[in-house]
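Peer 1:
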Amino acid sequence: MNAPTLLQTIRFGVALACLCALHGAHAGPAMLLPEGTVTLIRATTVFNVDAPIALQPGDLLATDAHGGAQIEDGDGTIVALAANTRVAIDAAPHGYALALLSGWIKIARPRTGTAGPLSIDTPALDASLLDGAAVLHASRDMTSLFIETGSMTLALPEHADAHQPLDGEHYAERETGKPLDVGKRPATSFVAAMPLPFRDPLASSAAPAKAKLVARAQGRPATYADIADWLSAPLPIRRGFVARFRPLAQGEPFRAQVRQNLRTLPEWRRVLCPPPAMPRRRAPSPAQNPSTEVES
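Going left to right, the sequence shown walks through residues -27 to -1, 1 to 269 as mature numbering (1 follows the signal peptide of the UniProt record, and there is no 0) numbers them.
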């Protein structure tokens, strides 16, 4: 093999390796696999989803009282949603992140060399799971979790730079405004309320080879009731809601309902009560040169 051919072969090998690494880092979109009907809010439209669908950043999901769902991605991560659970899909450098508003989820994440940690924001506690399995429950005022295996990093939303690593078989809970409580055994109330299927290891669902990439066309505009809890949620994803849902404030009754709740939605004040436009400044007239003529 001559030198030019050898150089071309090396370049091809490097390019192929980079392509494989890129594919591993972005193994495809996360898929929603409903067990029953899941409410999906995409952009400003509400859909009822009962078939597998590819998820997008910004999707807001809600299971009903009798259903559930699983989220799976190409890296082997599985997120199980119990009944009456609300979670959002957020963008992240290594794929996607989760925002758990309320309810129960269980996560199983394999150890891989390409995937970064999976971030889970909750109102009272932020978590990041590198690998292993964990069960989380969140409400507006409290978050509790049990790490079965692997490792997780915790942080308080108001002290995001102070990280506390935990390994498997640790329990943590926190009420809003109170210190983090960590122990080796989960609280009795946590075990009693945990969904029974979460006692077993998660298994991948039999997903079709090609799920729908877009939601079905039969949707309806979101109402204030659909998104009220999200709009006031103490979660980072809330920062983008004004721009996202601003078109809904063009009409009633959404606009009036937001106005009634400005105390908890102060960021909407500029939408409903925009400051008056600044008056246009008149261009200065050109300065007149003083007369140099001598009066006669």
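C-beta: ideal position from N, C-alpha, C; glycine also.
Should E146 be labelled buried (16 or more other beta-carbon atoms within 10 Å of its own) or exposed?
Peer 2: A residue is called buried once 16 or more other Cβ atoms fall within 10 Å of its Cβ, and E146 is buried on that count.
Peer 1: Where DSSP assigns a beta bridge to V60, which residues make up the other side?
Peer 2: L34 and L73
Peer 1: Below 8 Å on the Cβ atoms is my guess for P83 versus P207; work out the distance and round it to an integer in Å.
Peer 2: That belief does not hold up - the Cβ atoms of P83 and P207 are roughly 31 Å apart, past 8 Å.
Peer 1: Within a Cβ cutoff of 6 Å, which residues of the same chain sit near Y197, ignoring the five residues on either side of it in sequence?
Peer 2: F227 and Q230
Peer 1: Take A250 and list the residues in its own chain whose beta-carbon comes closer than 6 Å to its own, dropping the five residues that flank it on each side.
Peer 2: none
Peer 1: What residue does the alpha helix (DSSP H) around F227 start on, and which one ends it?
Peer 2: Note, F227: alpha helix (DSSP H), F227 to Q233.
Peer 1: For T50, count the other beta carbons within 10 Å of its own beta carbon; 16 or more makes it buried, fewer makes it exposed. Which is it?
Peer 2: T50 is buried by the Cβ-count criterion.
Peer 1: Using the Cβ count rule (16 or more neighbours within 10 Å means buried), how would you classify P194?
Peer 2: exposed
Peer 1: Could you check what DSSP says for Q191 in three-state terms: helix, strand or coil?
Peer 2: coil
Peer 1: How long is the line joining the alpha carbons of R253 and L245, rounded to whole angstroms?
Peer 2: 23 Å
Peer 1: Ignore the nearest five residues each way along the sequence and tell me which others in S75's own chain have a CB closer than 8 Å to its CB.
Peer 2: N57, T58, R59, A111, S112, R113 and D202
Peer 1: DSSP on L(-21), reduced to helix/strand/coil?
Peer 2: Bear in mind that a pLDDT of 42 at L(-21), under 50, signals an unreliable position, so the number given afterwards is only what the model happens to contain. Helix at L(-21).
Peer 1: Starting from the Cα of Q191, find the closest Cα among T126, L13, P7 and Q43 and give me that residue.
Peer 2: L13
Peer 1: Under 8 Å by Cβ, that's how I've got D46 and G68 pegged, so tell me the actual separation to the nearest angstrom.
Peer 2: 7 Å
Peer 1: So, under 8 Å CB-CB, residue 322 and L129 are touching, yes? Tell me the CB distance rounded to an integer number of Å.
Peer 2: Limits of the chain in this structure are -27 at one end and 269 at the other, which puts residue 322 out of reach.
Peer 1: With S162 as the anchor, note down where its alpha helix (DSSP H) starts and where it stops.
Peer 2: T161 to A166
Peer 1: Mind checking which residues open and close the beta strand (DSSP E) that includes L204?
Peer 2: That residue, L204, is in no beta strand (DSSP E); its alpha helix (DSSP H) goes Y197 to L204.
Peer 1: Which residues in the same chain have their Cβ closer than 6 Å to the Cβ of F163, if we skip the five residues on either side of it in sequence?
Peer 2: S117
Peer 1: What three-state label does DSSP hand Q223 in the structure shown?
Peer 2: Correct three-state label for Q223: helix.
Peer 1: Can you give the Cα-Cα distance for F119 and S178, rounded to whole angstroms?
Peer 2: 23 Å
Peer 1: Taking just the CA atoms, how far does Q137 sit from H(-5)?
Peer 2: A caution first: H(-5) carries a pLDDT of 38, below 50, which makes its placement in the model unreliable, though a value can still be read off. So the alpha carbons of these two residues sit roughly 31 Å apart.
Peer 1: If you draw a straight line from the C-alpha of D48 to the C-alpha of R242, how long is it?
Peer 2: 42 Å
Peer 1: Let's see if you can read the secondary structure: which residues bound the beta strand (DSSP E) around R242?
Peer 2: It is not in any beta strand (DSSP E) - R242 instead sits in the alpha helix (DSSP H) that spans R242 to L245.
Peer 1: To the nearest angstrom, report how far apart G150 and L54 are at their CA atoms.
Peer 2: Each residue's alpha carbon lies about 27 Å from the other.
Peer 1: For the beta strand (DSSP E) holding R147, just list the boundary residues, first then last.
Peer 2: H143 to E148
Peer 1: I'd like the list of long-range same chain contacts for P159, defined as Cβ closer than 7 Å, with 5 residues on each side in sequence excluded.
Peer 2: F119 and Y144
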